[in-house]
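Peer 1:
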Amino acid sequence: MRRFSWFNATSLTLGFAFLYMPMIILVIYSFNASKLVTVWAGFSTQWYGELFRNEEFLNAAWVTLKVAFMSSSIATVLGTMAAYVLVRAGRFTGRTLFSGMIYAPLVMPEVITGLSLLLLFIGIGLDRGVLTIVLAHTTFSMCYVSVVVSSRLISFDRSLEEAALDLGCTPLEAFRLVTLPIIAPAVISGWLLAFTLSLDDLVIASFTTGPSATTLPIKIFSAVRLGVSPEINALSTIMIAIVTLGVITASLVTKQAAVRQARDARMAERPA
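Residue numbering for the sequence shown follows our numbering, beginning at 7 and increasing consecutively.
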(Lines of atoms letter the chains of each structure in order from A and count residues from 1; the text may use other names and numbers.)
(Lines give C-alpha, C1' and ligand atoms only; values in the text may rest on other atoms or scores of the structure.)
Protein backbone atom coordinates (compact mmCIF):
# COMPACT_ATOMS: atom_id res chain seq x y z
CA MET A 1 0.00 0.00 0.00
CA ARG A 2 1.33 3.42 -0.94
CA ARG A 3 2.10 5.61 2.06
CA PHE A 4 0.32 8.93 2.53
CA SER A 5 3.08 11.48 1.92
CA TRP A 6 3.32 15.17 2.69
CA PHE A 7 3.09 15.86 -1.02
CA ASN A 8 -0.28 14.12 -1.20
CA ALA A 9 -1.51 15.94 1.88
CA THR A 10 -0.41 19.31 0.50
CA SER A 11 -1.98 18.60 -2.89
CA LEU A 12 -5.29 17.60 -1.31
CA THR A 13 -5.27 20.63 0.97
CA LEU A 14 -4.60 23.05 -1.87
CA GLY A 15 -7.16 21.36 -4.09
CA PHE A 16 -9.94 21.45 -1.49
CA ALA A 17 -9.00 25.02 -0.55
CA PHE A 18 -9.26 26.08 -4.20
CA LEU A 19 -12.71 24.50 -4.42
CA TYR A 20 -14.24 25.49 -1.10
CA MET A 21 -12.54 28.69 0.06
CA PRO A 22 -14.53 30.86 -2.38
CA MET A 23 -17.74 29.31 -1.06
CA ILE A 24 -16.70 29.92 2.54
CA ILE A 25 -15.87 33.55 1.76
CA LEU A 26 -19.21 33.94 0.00
CA VAL A 27 -21.07 32.57 3.03
CA ILE A 28 -19.18 34.89 5.38
CA TYR A 29 -19.87 37.98 3.28
CA SER A 30 -23.56 37.10 3.02
CA PHE A 31 -23.75 38.30 6.64
CA ASN A 32 -21.98 41.56 5.83
CA ALA A 33 -23.79 44.73 6.90
CA SER A 34 -22.28 46.77 4.07
CA LYS A 35 -23.74 47.08 0.58
CA LEU A 36 -20.22 46.62 -0.76
CA VAL A 37 -19.58 42.91 -0.98
CA THR A 38 -15.81 43.33 -0.63
CA VAL A 39 -15.84 45.61 2.45
CA TRP A 40 -16.67 44.09 5.84
CA ALA A 41 -18.83 46.40 7.96
CA GLY A 42 -20.06 44.08 10.69
CA PHE A 43 -22.38 41.12 11.13
CA SER A 44 -25.93 41.47 9.84
CA THR A 45 -28.74 39.29 8.47
CA GLN A 46 -30.55 42.14 6.74
CA TRP A 47 -29.79 40.87 3.25
CA TYR A 48 -31.66 37.64 3.92
CA GLY A 49 -34.70 39.72 4.79
CA GLU A 50 -34.21 41.80 1.65
CA LEU A 51 -33.93 38.61 -0.38
CA PHE A 52 -37.23 37.21 0.89
CA ARG A 53 -38.91 40.52 0.10
CA ASN A 54 -37.54 40.53 -3.45
CA GLU A 55 -40.45 39.38 -5.61
CA GLU A 56 -38.30 38.92 -8.71
CA PHE A 57 -36.00 36.39 -7.05
CA LEU A 58 -38.92 34.58 -5.40
CA ASN A 59 -40.78 34.30 -8.71
CA ALA A 60 -37.63 33.07 -10.46
CA ALA A 61 -37.08 30.46 -7.74
CA TRP A 62 -40.67 29.24 -8.08
CA VAL A 63 -40.37 28.98 -11.87
CA THR A 64 -37.07 27.09 -11.51
CA LEU A 65 -38.50 24.57 -9.04
CA LYS A 66 -41.63 24.07 -11.14
CA VAL A 67 -39.64 23.53 -14.33
CA ALA A 68 -37.17 21.20 -12.60
CA PHE A 69 -39.91 19.04 -11.06
CA MET A 70 -41.93 18.70 -14.26
CA SER A 71 -38.98 18.16 -16.59
CA SER A 72 -37.25 15.64 -14.30
CA SER A 73 -40.47 13.66 -13.83
CA ILE A 74 -41.16 13.47 -17.58
CA ALA A 75 -37.49 12.73 -18.32
CA THR A 76 -37.49 9.90 -15.76
CA VAL A 77 -40.48 8.21 -17.38
CA LEU A 78 -39.15 8.59 -20.93
CA GLY A 79 -35.57 7.73 -19.95
CA THR A 80 -36.66 4.57 -18.12
CA MET A 81 -38.73 3.47 -21.12
CA ALA A 82 -35.82 4.14 -23.47
CA ALA A 83 -33.41 2.24 -21.24
CA TYR A 84 -35.79 -0.73 -21.04
CA VAL A 85 -36.07 -0.85 -24.84
CA LEU A 86 -32.32 -0.62 -25.36
CA VAL A 87 -31.52 -3.36 -22.83
CA ARG A 88 -34.44 -5.75 -23.29
CA ALA A 89 -35.61 -5.35 -26.88
CA GLY A 90 -32.52 -6.94 -28.38
CA ARG A 91 -31.72 -6.29 -32.03
CA PHE A 92 -34.35 -4.41 -34.01
CA THR A 93 -34.41 -2.24 -37.10
CA GLY A 94 -33.21 1.26 -36.29
CA ARG A 95 -31.63 0.34 -32.94
CA THR A 96 -28.37 2.14 -33.78
CA LEU A 97 -30.21 5.28 -34.82
CA PHE A 98 -32.44 5.10 -31.73
CA SER A 99 -29.52 4.71 -29.32
CA GLY A 100 -27.64 7.51 -31.10
CA MET A 101 -30.60 9.86 -30.73
CA ILE A 102 -30.91 8.96 -27.03
CA TYR A 103 -27.24 9.56 -26.23
CA ALA A 104 -26.61 12.51 -28.59
CA PRO A 105 -27.45 15.22 -25.98
CA LEU A 106 -24.65 13.85 -23.78
CA VAL A 107 -21.99 15.08 -26.20
CA MET A 108 -23.90 17.83 -27.98
CA PRO A 109 -22.80 21.38 -27.00
CA GLU A 110 -25.51 23.14 -25.01
CA VAL A 111 -25.38 26.13 -27.35
CA ILE A 112 -26.26 23.91 -30.32
CA THR A 113 -29.06 22.19 -28.38
CA GLY A 114 -30.52 25.49 -27.19
CA LEU A 115 -30.32 27.12 -30.61
CA SER A 116 -31.89 24.15 -32.39
CA LEU A 117 -34.76 24.03 -29.89
CA LEU A 118 -35.26 27.78 -30.24
CA LEU A 119 -35.55 27.45 -34.02
CA LEU A 120 -37.95 24.54 -33.56
CA PHE A 121 -40.24 26.48 -31.22
CA ILE A 122 -40.20 29.48 -33.54
CA GLY A 123 -40.92 27.26 -36.55
CA ILE A 124 -44.00 25.63 -34.98
CA GLY A 125 -45.20 28.93 -33.51
CA LEU A 126 -44.96 27.89 -29.87
CA ASP A 127 -44.74 30.83 -27.48
CA ARG A 128 -41.68 30.62 -25.26
CA GLY A 129 -42.29 30.24 -21.56
CA VAL A 130 -42.45 27.55 -18.89
CA LEU A 131 -43.64 24.91 -21.37
CA THR A 132 -40.73 25.42 -23.77
CA ILE A 133 -38.19 25.31 -20.91
CA VAL A 134 -39.75 22.07 -19.63
CA LEU A 135 -39.59 20.51 -23.10
CA ALA A 136 -35.98 21.63 -23.55
CA HIS A 137 -34.85 20.33 -20.16
CA THR A 138 -36.67 17.06 -20.72
CA THR A 139 -34.90 16.63 -24.05
CA PHE A 140 -31.36 16.84 -22.68
CA SER A 141 -31.91 15.28 -19.24
CA MET A 142 -33.72 12.10 -20.30
CA CYS A 143 -30.50 10.74 -21.80
CA TYR A 144 -28.82 10.94 -18.37
CA VAL A 145 -31.73 9.02 -16.85
CA SER A 146 -31.45 6.44 -19.62
CA VAL A 147 -27.75 5.90 -18.92
CA VAL A 148 -28.29 5.43 -15.18
CA VAL A 149 -31.25 3.06 -15.56
CA SER A 150 -29.56 1.09 -18.37
CA SER A 151 -26.56 0.34 -16.16
CA ARG A 152 -28.91 -1.16 -13.55
CA LEU A 153 -30.97 -3.14 -16.05
CA ILE A 154 -27.86 -4.72 -17.56
CA SER A 155 -26.94 -6.27 -14.20
CA PHE A 156 -30.54 -7.20 -13.38
CA ASP A 157 -31.26 -10.91 -12.78
CA ARG A 158 -33.95 -11.71 -15.33
CA SER A 159 -34.76 -14.99 -13.61
CA LEU A 160 -36.78 -12.98 -11.10
CA GLU A 161 -39.03 -11.70 -13.87
CA GLU A 162 -39.30 -15.19 -15.34
CA ALA A 163 -40.35 -16.55 -11.95
CA ALA A 164 -43.06 -13.90 -11.69
CA LEU A 165 -44.30 -14.77 -15.18
CA ASP A 166 -44.35 -18.48 -14.30
CA LEU A 167 -46.49 -17.66 -11.25
CA GLY A 168 -49.14 -16.03 -13.43
CA CYS A 169 -48.10 -12.37 -13.69
CA THR A 170 -48.55 -10.55 -16.95
CA PRO A 171 -45.46 -8.78 -18.37
CA LEU A 172 -46.81 -5.44 -17.12
CA GLU A 173 -47.46 -6.84 -13.64
CA ALA A 174 -44.00 -8.43 -13.56
CA PHE A 175 -42.44 -5.08 -14.42
CA ARG A 176 -44.54 -3.21 -11.86
CA LEU A 177 -44.21 -5.72 -9.01
CA VAL A 178 -40.70 -7.10 -9.56
CA THR A 179 -38.55 -5.09 -11.95
CA LEU A 180 -39.52 -1.56 -10.95
CA PRO A 181 -38.98 -2.02 -7.18
CA ILE A 182 -35.54 -3.51 -7.82
CA ILE A 183 -34.39 -0.76 -10.20
CA ALA A 184 -36.09 1.95 -8.11
CA PRO A 185 -32.76 3.26 -6.68
CA ALA A 186 -31.48 3.83 -10.21
CA VAL A 187 -34.74 5.48 -11.25
CA ILE A 188 -34.63 7.78 -8.22
CA SER A 189 -30.97 8.58 -8.92
CA GLY A 190 -31.88 9.45 -12.49
CA TRP A 191 -34.69 11.72 -11.30
CA LEU A 192 -32.38 13.51 -8.87
CA LEU A 193 -29.73 13.92 -11.58
CA ALA A 194 -32.29 15.35 -14.01
CA PHE A 195 -33.65 17.65 -11.28
CA THR A 196 -30.16 18.93 -10.51
CA LEU A 197 -29.32 19.49 -14.17
CA SER A 198 -32.51 21.48 -14.63
CA LEU A 199 -31.83 23.61 -11.57
CA ASP A 200 -28.33 24.39 -12.78
CA ASP A 201 -29.03 25.01 -16.46
CA LEU A 202 -28.40 28.47 -17.85
CA VAL A 203 -27.47 28.13 -21.53
CA ILE A 204 -30.42 26.09 -22.82
CA ALA A 205 -32.91 27.95 -20.64
CA SER A 206 -31.66 31.30 -21.94
CA PHE A 207 -32.49 30.18 -25.51
CA THR A 208 -35.91 28.72 -24.75
CA THR A 209 -37.26 31.09 -22.11
CA GLY A 210 -39.62 34.00 -22.69
CA PRO A 211 -40.72 37.19 -20.93
CA SER A 212 -43.23 35.27 -18.82
CA ALA A 213 -40.69 32.79 -17.39
CA THR A 214 -37.29 33.60 -15.90
CA THR A 215 -35.38 30.87 -14.11
CA LEU A 216 -33.15 31.52 -11.13
CA PRO A 217 -29.81 30.94 -12.95
CA ILE A 218 -30.85 33.46 -15.63
CA LYS A 219 -31.92 35.94 -12.95
CA ILE A 220 -28.66 35.55 -11.06
CA PHE A 221 -26.61 35.88 -14.24
CA SER A 222 -28.48 39.04 -15.21
CA ALA A 223 -28.03 40.53 -11.74
CA VAL A 224 -24.31 39.67 -11.57
CA ARG A 225 -23.67 41.44 -14.87
CA LEU A 226 -24.60 44.70 -13.11
CA GLY A 227 -22.44 43.87 -10.08
CA VAL A 228 -22.56 41.34 -7.26
CA SER A 229 -25.05 42.43 -4.60
CA PRO A 230 -25.30 41.15 -1.00
CA GLU A 231 -28.64 39.57 -1.92
CA ILE A 232 -26.83 37.31 -4.40
CA ASN A 233 -24.50 36.21 -1.60
CA ALA A 234 -27.48 35.46 0.65
CA LEU A 235 -29.22 33.50 -2.10
CA SER A 236 -26.06 31.52 -2.87
CA THR A 237 -25.62 30.73 0.83
CA ILE A 238 -29.15 29.37 1.05
CA MET A 239 -28.53 27.18 -2.00
CA ILE A 240 -25.27 25.89 -0.51
CA ALA A 241 -27.08 25.10 2.75
CA ILE A 242 -29.82 23.18 0.92
CA VAL A 243 -27.28 21.15 -1.05
CA THR A 244 -25.27 20.43 2.10
CA LEU A 245 -28.35 19.22 3.97
CA GLY A 246 -29.31 17.06 1.00
CA VAL A 247 -25.86 15.45 0.84
CA ILE A 248 -25.78 14.82 4.59
CA THR A 249 -29.29 13.35 4.54
CA ALA A 250 -28.47 11.09 1.60
CA SER A 251 -25.27 9.92 3.31
CA LEU A 252 -27.13 9.11 6.54
CA VAL A 253 -29.88 7.24 4.70
CA THR A 254 -27.30 5.27 2.69
CA LYS A 255 -25.35 4.43 5.83
CA GLN A 256 -28.47 3.29 7.68
CA ALA A 257 -29.50 1.14 4.72
CA ALA A 258 -26.05 -0.47 4.62
CA VAL A 259 -26.14 -1.15 8.37
CA ARG A 260 -29.64 -2.61 8.08
CA GLN A 261 -28.60 -4.81 5.16
CA ALA A 262 -25.54 -6.07 7.04
CA ARG A 263 -27.67 -6.82 10.11
CA ASP A 264 -30.21 -8.73 8.05
CA ALA A 265 -27.40 -10.71 6.39
CA ARG A 266 -25.97 -11.67 9.78
CA MET A 267 -29.38 -12.73 11.05
CA ALA A 268 -29.95 -14.82 7.93
CA GLU A 269 -26.61 -16.61 8.44
CA ARG A 270 -27.44 -17.59 12.02
CA PRO A 271 -28.44 -21.22 12.46
CA ALA A 272 -32.12 -21.77 13.26
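Glycine residues also receive a C-beta, built at the ideal position from the N, C-alpha and C atoms.
#1: Does the separation of the CB atoms of residue 143 and residue 235 fall below 7 Å?
#2: Short of 6 Å in beta carbon distance, which residues of its chain neighbour residue 39, apart from the five on each side in sequence? Order them along the chain.
#3: Using three-state DSSP, classify residue 239 as helix, strand or coil.
#4: Taking 7 Å as the cut-off, decide whether the C-beta atoms of residue 127 and residue 138 are in contact.
#5: Report yes or no: do three or more beta-carbon pairs, one from the segment 192-201 and one from the segment 148-162, lie closer than 8 Å?
#6: Kindly confirm or deny that the segment 93-106 and the segment 204-222 touch, where touching means at least three C-beta pairs closer than 8 Å.
#7: Residue 31: buried (16+ other C-beta within 10 angstroms of its C-beta) or exposed?
#8: Can you give me the C-alpha to C-alpha distance between residue 241 and residue 23, rounded to a whole angstrom?
#9: If you reduce the DSSP assignment to three classes, tell me which class residue 219 lands in.
#10: In this structure, what does DSSP give as the bridge partners for residue 201?
#11: Among the candidates 184, 67 and 79, whose CA atom is the shortest distance from the CA of residue 168?
#12: How many angstroms separate the CA atom of residue 105 from the CA atom of residue 112?
#13: Strictly by DSSP, which residues pair up with residue 38?
Peer 2: For this structure:
#1: At the C-beta level, residue 143 and residue 235 stay beyond 7 Å of one another.
#2: For residue 39, the CB contacts under 6 Å within the same chain, skipping 5 residues up- and downstream, are 47, 48 and 50 in chain order.
#3: The answer is helix: DSSP assigns residue 239 an H, G or I state.
#4: Result yes, Cβ atoms of residue 127 and residue 138 sit closer than 7 Å.
#5: Cβ pair count under 8 Å is three or more, so yes.
#6: Fewer than three Cβ pairs drawn from the segment 93-106 and the segment 204-222 lie within less than 8 Å of each other, which leaves the two stretches out of contact.
#7: By the Cβ neighbour-count rule, residue 31 is exposed, with fewer than 16 other Cβ atoms within 10 Å of its own.
#8: C-alpha separation (whole angstroms): 22 Å.
#9: DSSP places residue 219 within a strand segment (E or B) once states are collapsed to three.
#10: The partner list for residue 201 (beta bridge, DSSP) is empty, contrary to what the question assumes.
#11: Minimum Cα distance to residue 168 is reached at 184.
#12: Approximately 12 Å, taken between the alpha carbons.
#13: Residue 38 is bridged to 49.
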